[in-house]
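For reference, the structure discussed in these notes is given below.
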Amino acid sequence: MPDASDPRQLVVNLFQAWSSGDPDEVAALFQPDAVFFDNVNGRFDGRAAIRQFYAGSLEVWDDLKTAPTRIWVDGDTAACVWTMTGRMKTDRFGAGLAGSTARIDGMAWIRFVDGLVAHDEEYFDRGAPLASLEGRGFLTPQTAP
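1209 is the number of the first residue of the sequence shown in the working numbering; add one for each residue after it.
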(Lines of atoms letter the chains of each structure in order from A and count residues from 1; the text may use other names and numbers.)
(Lines give C-alpha, C1' and ligand atoms only; values in the text may rest on other atoms or scores of the structure.)
Protein backbone atom coordinates (compact mmCIF):
# COMPACT_ATOMS: atom_id res chain seq x y z
CA MET A 1 0.00 0.00 0.00
CA PRO A 2 1.42 3.45 -0.90
CA ASP A 3 2.66 5.70 1.91
CA ALA A 4 0.07 8.50 2.17
CA SER A 5 2.72 10.93 3.48
CA ASP A 6 5.24 10.29 0.68
CA PRO A 7 5.46 13.39 -1.56
CA ARG A 8 5.64 11.16 -4.63
CA GLN A 9 2.30 9.55 -3.70
CA LEU A 10 0.85 12.97 -2.81
CA VAL A 11 1.68 14.17 -6.34
CA VAL A 12 -0.06 11.13 -7.83
CA ASN A 13 -3.09 11.76 -5.59
CA LEU A 14 -3.20 15.42 -6.63
CA PHE A 15 -3.17 14.62 -10.34
CA GLN A 16 -5.85 11.97 -9.83
CA ALA A 17 -7.97 14.66 -8.17
CA TRP A 18 -7.38 17.08 -11.08
CA SER A 19 -8.74 14.26 -13.28
CA SER A 20 -11.78 13.56 -11.09
CA GLY A 21 -14.10 16.30 -12.34
CA ASP A 22 -14.84 17.13 -8.68
CA PRO A 23 -13.76 20.61 -7.48
CA ASP A 24 -14.28 19.57 -3.85
CA GLU A 25 -11.91 16.63 -4.23
CA VAL A 26 -9.24 18.95 -5.63
CA ALA A 27 -9.76 21.60 -2.95
CA ALA A 28 -9.53 19.02 -0.15
CA LEU A 29 -5.89 18.32 -1.07
CA PHE A 30 -4.80 21.94 -0.50
CA GLN A 31 -4.00 23.76 2.74
CA PRO A 32 -6.65 26.41 3.54
CA ASP A 33 -4.12 29.17 2.74
CA ALA A 34 -2.42 27.37 -0.18
CA VAL A 35 -1.23 29.13 -3.31
CA PHE A 36 -1.80 27.76 -6.81
CA PHE A 37 -0.09 29.50 -9.72
CA ASP A 38 0.16 28.72 -13.38
CA ASN A 39 1.90 30.93 -15.90
CA VAL A 40 -1.18 31.20 -18.14
CA ASN A 41 -4.11 31.53 -15.71
CA GLY A 42 -2.38 33.37 -12.86
CA ARG A 43 -2.33 33.06 -9.09
CA PHE A 44 -5.09 31.74 -6.84
CA ASP A 45 -4.79 32.26 -3.08
CA GLY A 46 -6.58 29.90 -0.73
CA ARG A 47 -8.50 26.66 -1.02
CA ALA A 48 -11.76 28.37 -2.09
CA ALA A 49 -10.08 30.26 -4.96
CA ILE A 50 -8.32 27.09 -6.13
CA ARG A 51 -11.63 25.23 -6.08
CA GLN A 52 -13.25 28.01 -8.10
CA PHE A 53 -10.39 27.97 -10.64
CA TYR A 54 -10.79 24.22 -11.16
CA ALA A 55 -14.59 24.47 -11.41
CA GLY A 56 -14.10 27.11 -14.12
CA SER A 57 -11.75 24.79 -15.99
CA LEU A 58 -14.50 22.19 -16.10
CA GLU A 59 -16.72 24.68 -17.93
CA VAL A 60 -14.14 24.80 -20.74
CA TRP A 61 -12.77 21.23 -20.80
CA ASP A 62 -14.55 17.86 -20.97
CA ASP A 63 -12.88 14.54 -20.14
CA LEU A 64 -10.05 16.45 -18.43
CA LYS A 65 -7.28 14.03 -17.47
CA THR A 66 -3.91 14.84 -15.95
CA ALA A 67 -1.01 12.60 -14.99
CA PRO A 68 2.54 13.13 -13.79
CA THR A 69 4.99 11.44 -16.14
CA ARG A 70 8.15 11.97 -14.04
CA ILE A 71 8.43 12.96 -10.38
CA TRP A 72 11.45 14.17 -8.39
CA VAL A 73 11.30 14.56 -4.60
CA ASP A 74 13.44 16.52 -2.14
CA GLY A 75 12.08 16.51 1.41
CA ASP A 76 8.57 18.00 1.44
CA THR A 77 8.87 19.29 -2.13
CA ALA A 78 8.27 17.57 -5.45
CA ALA A 79 8.81 18.58 -9.04
CA CYS A 80 7.14 16.80 -11.90
CA VAL A 81 6.54 16.77 -15.60
CA TRP A 82 2.88 16.24 -16.46
CA THR A 83 0.50 15.68 -19.35
CA MET A 84 -3.06 16.97 -19.57
CA THR A 85 -5.63 15.92 -22.13
CA GLY A 86 -9.15 17.19 -22.58
CA ARG A 87 -11.86 17.95 -25.08
CA MET A 88 -12.88 21.58 -25.61
CA LYS A 89 -16.50 22.35 -24.75
CA THR A 90 -16.43 25.82 -26.28
CA ASP A 91 -14.99 27.79 -29.20
CA ARG A 92 -12.71 29.64 -26.77
CA PHE A 93 -9.66 28.97 -28.94
CA GLY A 94 -11.39 29.46 -32.28
CA ALA A 95 -14.45 28.70 -34.36
CA GLY A 96 -14.98 25.02 -34.96
CA LEU A 97 -12.61 23.80 -32.26
CA ALA A 98 -15.31 22.80 -29.77
CA GLY A 99 -15.22 19.02 -29.48
CA SER A 100 -11.54 18.87 -30.42
CA THR A 101 -9.10 17.12 -28.11
CA ALA A 102 -5.93 18.78 -26.87
CA ARG A 103 -2.80 17.54 -25.16
CA ILE A 104 -0.70 19.89 -23.07
CA ASP A 105 2.61 19.02 -21.41
CA GLY A 106 3.93 21.02 -18.49
CA MET A 107 5.88 20.99 -15.27
CA ALA A 108 5.05 21.65 -11.64
CA TRP A 109 6.84 22.48 -8.42
CA ILE A 110 4.75 21.44 -5.39
CA ARG A 111 5.44 21.88 -1.66
CA PHE A 112 3.51 19.89 0.92
CA VAL A 113 2.81 20.68 4.58
CA ASP A 114 1.18 18.02 6.75
CA GLY A 115 0.25 15.97 3.70
CA LEU A 116 -1.55 18.82 1.90
CA VAL A 117 -0.42 21.11 -0.90
CA ALA A 118 0.87 24.43 0.43
CA HIS A 119 2.20 25.74 -2.90
CA ASP A 120 1.65 24.45 -6.44
CA GLU A 121 3.42 26.32 -9.24
CA GLU A 122 2.87 25.13 -12.82
CA TYR A 123 4.26 26.09 -16.22
CA PHE A 124 3.29 25.17 -19.77
CA ASP A 125 3.55 26.72 -23.22
CA ARG A 126 0.75 29.25 -23.69
CA GLY A 127 0.42 28.25 -27.35
CA ALA A 128 0.20 24.50 -26.70
CA PRO A 129 -3.59 24.21 -26.32
CA LEU A 130 -4.33 25.90 -29.64
CA ALA A 131 -1.57 24.04 -31.50
CA SER A 132 -2.88 20.72 -30.23
CA LEU A 133 -6.53 21.59 -30.92
CA GLU A 134 -5.71 22.58 -34.49
CA GLY A 135 -3.95 19.27 -35.04
CA ARG A 136 -0.51 20.82 -35.37
CA GLY A 137 0.85 18.46 -32.73
CA PHE A 138 3.02 19.61 -29.89
CA LEU A 139 4.97 22.81 -29.82
CA THR A 140 8.69 22.24 -29.95
CA PRO A 141 11.46 24.82 -30.02
CA GLN A 142 12.39 26.00 -33.49
CA THR A 143 15.99 25.39 -34.42
CA ALA A 144 18.05 27.68 -36.57
CA PRO A 145 18.66 26.45 -40.14
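Beta carbons are placed, not taken as given, at the ideal position from N, Cα and C, and that holds for glycine.
When DSSP states are grouped into helix, strand and coil, Ala1306 belongs to the coil group. Within the same chain, Cβ atoms closer than 6 Å to the Cβ of His1327 are found at Val1243, Arg1319, the five residues on either side in sequence being excluded.
A contact is defined here as three or more CB-CB pairs under 8 Å, and the region 1290-1301 meets this definition with respect to the region 1264-1273. Of the residues Arg1278, Phe1332, Val1325, Arg1300, the one whose Cα lies closest to the Cα of Ala1235 is Val1325. In the DSSP assignment, Arg1278 falls within the unbroken beta strand (DSSP E) covering 1269-1282. Bounds of any alpha helix (DSSP H) do not take in Ala1286; it lies within the beta strand (DSSP E) bounded by 1285-1296. Contact annotation: Leu1266 and Gly1229 have beta-carbon atoms nearer than 8 Å. Under the three-state reduction of DSSP, Arg1319 is assigned to strand.
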